[in-house]
Structures are given as structure tokens and as C-alpha cells.
Amino acid sequence: KIAEYNENKEVIENLQQLLSRKKEVSGEIKKAESEKKKCETKNISLYKKIGSAEQKLVTIKEEKENHENLLREYSACDLFLRCMHPNGI
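Residue numbering for the sequence shown follows my numbering, starting at 974 and increasing by one per position.
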């Protein structure tokens, strides 16, 4: 058995190194997967924020357009009232 061990000593040591390296790599993989999951969660959160901001932008544009329409209507009414006033044109 000792002779067999000596013949395979290098292979056994190499196997131990490989097993040790496998354990290290497995740990690195778990860390990377954990980091990936955090990034995916953050990514989803950012997508939600972008969607919310885009919706706010649409709402603000609609409100701006409505406000401009109301200003035009007010200007037209104000001009009409000034013209129809006894001291008007």
C-alpha cells in the first residue's frame, strides 16, 4: 500500500488541491449569484421608477396643454368682455 501511495502521491495531492479549488470556486459562485439577485432586484426597482417618471411626464404634459387651452379661452373671453363693455371699443 505504501508503494501504491508513493506512486499516486502526486495524483492524490493534485486531487486535494482541486477539491480545495472547487470549494473556493463554489463560494465565489454563491457570492456572484447573490450579487446577481441584488442587481436584478435593483434593476426592477429602477424600471418601476422609470415607469413612474414617464407617467408623471405624460400627466404633466397633459396638464400643461389643458392649462394653455384655458389661457387661450380666458384671453378670448376677456377680449370679448372688454369689447362689449360700455367703455370698450
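C-beta: ideal position from N, C-alpha, C; glycine also.
As the structure is a prediction and not an experimental result, all values here were calculated from the model.
For the alpha helix (DSSP H) that histidine 1040 lies in, which residues bound it at each end? Following the DSSP letters along the chain, one finds histidine 1040 inside the alpha helix (DSSP H) bounded by residues 975-1057.
For tyrosine 978, collect the residues of the same chain with a Cβ closer than 8 Å to its Cβ; drop the 5 residues on either side in sequence, then sort them by chain order. The residues are Ile985.
Look at the alpha carbon of alanine 1049 and the alpha carbon of lysine 1029, and state the distance between them as a whole number of angstroms. Approximately 30 Å, taken between the alpha carbons.
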